[in-house]
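Numbering (the working numbering), first residue to last: 201 to 707.
Right, dumping it as structure tokens:
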């Protein structure tokens with residue numbers, strides 16, 4: 201039997217979007233129910249919405265019944281710290297702490313949370329990421345979908361679905377902290393995400409309420425956008441002291457609008473502008489973000505990711521809490537084990553080296569005593585002093601160069617340097633000790649090191665090889681050495697410019 205395809209459903213303010221696709225390669229099939237309008241929540245209204253959903257499913261020939269729901273209305277996201285505690289104590293602590301941040305009772309919410317182990321000032325703590333929507337709204341959505349023949353097995357806030365879709369489309373990396381700026385016609389939303397979680401969301405209007413200035417005034421929009429982005433980045437840096445936002449991704453329905461350029465000119469962070477319609481599969485729909493939300497919900501798979509917020513589940517399973525909390529202990533335990541192993545190996549190595557050194561000293565003492573022979577009564581220091589003096593004299597005699605014509609090397613090689621190449625190391629030494637009367641054809645070892653720069657970085661390596669070719673072809677240098685070899689070459693940054701450093705040897 202063919203495996204059922206994952207089905208994602210985005211419940212928007214005025215439109216719904218459905219995405220059906222296989223697990224490995226999701227295929228976007230949006231079904232826009234554009235006649236929903238402002239829902240009044242009555243039974244008649246629910247029947248009308250149910251009929252529209254059923255019609256959309258029939259027209260798209262969608263047969264799957266297991267649906268994963270993404271909702272955008274009344275989303276609550278909070279993040280706060282708790283002291284380190286056992287897994288069984290987390291639930292009660294979260295319910296107590298979250299009441300400080302909510303104006304209504306937890307009984308009115310469908311919520312989920314995830315504990316993230318952190319260390320602050322060498323003290324272990326738990327950072328709780330809490331997400332929720334109004335319970336009556338989620339129950340109504342679930343009831344309507346069930347009346348349409350669908351079984352809701354998973355539900356989550358739309359920002360988490362959007363982030364999952366961006367990860368799947370490789371728009372954002374999972375291992376970096378990204379700020380996603382979603383711009384609509386008159387409002388905007390900033391999502392901070394890391395490892396698929398969204399611990400912080402900031403929503404704002406591009407035009408201040410009760411303002412007499414036109415909402416289309418570019419300078420007003422620019423000023424408000426930059427202020428909100430700065431405030432959000434500053435808040436995040438204070439709340440997460442060890443984490444730094446590395447990139448801002450701008451999702452705008454108007455690709456030609458300079459939102460991204462404004463941020464690039466103002467922020468010291470990489471800014472990337474993305475057209476939501478292009479990553480939503482090029483679908484002809486009024487809200488490509490809605491399609492991405494449905495796609496992200498369809499890709500949610502519990503059990504394959506430790507970080508999943510399922511609002512349809514009655515409570516956070518103990519296994520999820522234990523896996524999160526114990527992961528911290530395991531990492532600390534592994535660090536301790538690694539440290540102990542390294543210390544044990546170091547002590548073993550020190551002991552072995554000590555024994556080896558002692559054995560060498562004992563053997564050296566025995567050899568020295570045997571070599572002394574009849575001079576055993578002579579002090580060892582006197583014997584060694586005479587040996588050292590004779591060795592130094594002999595080395596000095598051997599290294600005396602009676603005749604040298606190396607001046608020609610220093611004269612010819614600089615003249616061969618191509619434009620853009622300079623030397624910082626120029627060493628010339630004799631390849632072998634000279635004879636008493638001097639060699640007829642002296643041979644030398646020449647070591648050259650320097651840099652090459654060109655307007656086109658691709659030409660810098662060519663300049664290095666051009667220098668080698670010139671040295672090889674220079675007849676006046678042929679009698680000094682026959683081989684010219686490149687030891688190493690690499691590109692590096694020097695004062696904001698890309699140069700190539702090289703080392704070569706002539707023998």
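Note that beta-carbon positions come from the ideal geometry of N, C-alpha and C, so glycine has one too. The structure displayed is predicted, hence computed values, not measured ones.
Burial state of residue i (16 or more Cβ within 10 Å)
i: residue 597; result: exposed
i: residue 493; result: buried
i: residue 364; result: buried
i: residue 706; result: buried
i: residue 397; result: buried
i: residue 359; result: buried
i: residue 301; result: exposed
i: residue 399; result: buried
i: residue 644; result: buried
i: residue 695; result: exposed
i: residue 565; result: exposed
i: residue 452; result: buried
i: residue 690; result: exposed
i: residue 656; result: exposed
i: residue 429; result: buried
i: residue 607; result: exposed
i: residue 487; result: buried
i: residue 761; result: Residue coverage of the chain in this structure runs from 201 to 707, which leaves residue 761 outside it and unanswerable.
i: residue 551; result: exposed
i: residue 704; result: buried
i: residue 215; result: buried
i: residue 611; result: exposed
i: residue 294; result: buried
Assumed close pair residue i, residue j - CB separation to whole angstroms, cut-off 8 Å
i: residue 316; j: residue 326; result: 7 Å
i: residue 445; j: residue 433; result: 6 Å
i: residue 660; j: residue 684; result: Not really, about 19 Å apart at Cβ, beyond 8 Å.
i: residue 361; j: residue 511; result: Not really, about 12 Å apart at Cβ, beyond 8 Å.
i: residue 489; j: residue 382; result: 7 Å
i: residue 340; j: residue 274; result: Their Cβ separation, rounded to whole angstroms, is 12 Å, which puts residue 340 and residue 274 out of contact at 8 Å.
i: residue 480; j: residue 207; result: That belief does not hold up - the Cβ atoms of residue 480 and residue 207 are roughly 17 Å apart, past 8 Å.
i: residue 646; j: residue 609; result: 6 Å
i: residue 391; j: residue 377; result: Going by Cβ atoms, the distance from residue 391 to residue 377 rounds to 11 Å, so no, they are not a contact pair.
Contacting residues, own chain, Cβ-Cβ under 6 Å from residue i (five flanking each side not counted)
i: residue 342; result: 352
i: residue 595; result: none
i: residue 235; result: Because the pLDDT of residue 235 is 47, which lies under 50, any placement of that residue in the model is unreliable, and the number read from its coordinates should be weighed accordingly. Taken in chain order, the list of residues that qualify is empty.
i: residue 403; result: 389
i: residue 330; result: 278, 298 and 313
i: residue 466; result: 426
i: residue 709; result: It is not possible to answer for residue 709, since the shown part of the chain is limited to 201 through 707.
i: residue 261; result: none
i: residue 702; result: 664 and 689
i: residue 443; result: 377
i: residue 366; result: 372
i: residue 460; result: 450, 471 and 473
Residue i beta carbon near the ligand MN (any heavy atom closer than 7 Å)
i: residue 493; result: The ligand content of the structure shown is nil, which means the ligand MN is not present either.
Nearest candidate by alpha-carbon position, reference residue i, set the options
i: residue 372; options: 395, 542 and 422; result: 395
i: residue 143; options: 456, 442, 462 and 668; result: Absent from the structure is residue 143, since the part of the chain shown begins at 201 and ends at 707.
i: residue 375; options: 337, 671, 447 and 465; result: 447
i: residue 677; options: 563, 605 and 368; result: 605
i: residue 267; options: 667, 278, 274 and 211; result: 211
i: residue 613; options: 673, 392 and 631; result: 673
i: residue 292; options: 318, 383 and 328; result: 328
i: residue 619; options: 667, 299 and 629; result: 667
i: residue 271; options: 479, 384, 435 and 218; result: 218
i: residue 475; options: 436, 615 and 384; result: 384
i: residue 473; options: 456, 589 and 407; result: 456
i: residue 440; options: 319, 368 and 558; result: 319
i: residue 196; options: 627, 622 and 671; result: With the chain covering only 201 through 707, there is no way to say anything about residue 196.
i: residue 682; options: 586, 692, 286 and 631; result: 631
i: residue 265; options: 216, 669, 346 and 283; result: 346
i: residue 469; options: 379, 549 and 393; result: 379
i: residue 336; options: 321, 308 and 263; result: 308
Residues that DSSP places opposite residue i in a beta bridge
i: residue 393; result: 378
i: residue 313; result: 330
i: residue 211; result: 216 and 271
i: residue 398; result: The partner list for residue 398 (beta bridge, DSSP) is empty, contrary to what the question assumes.
i: residue 555; result: Looking at the DSSP assignment, residue 555 forms no beta bridge with any residue, so it has no partner.
i: residue 405; result: 387
i: residue 356; result: 270
i: residue 471; result: 448
Own chain partners of residue i with C-beta closer than 8 Å, once the 5 adjacent residues on each side are dropped
i: residue 344; result: 246, 249, 250 and 253
i: residue 624; result: 649, 650 and 651
i: residue 547; result: none
i: residue 422; result: 462
Neighbourhood of residue i by C-beta distance below 7 Å, restricted to the same chain and skipping five residues each side
i: residue 519; result: Model confidence at residue 519 stands at a pLDDT of 46, short of 50, so the residue's coordinates are unreliable; what they give is reported in the following sentence. The answer is none, since no qualifying residue turns up.
i: residue 500; result: 268, 354, 356, 364 and 508
i: residue 283; result: 325
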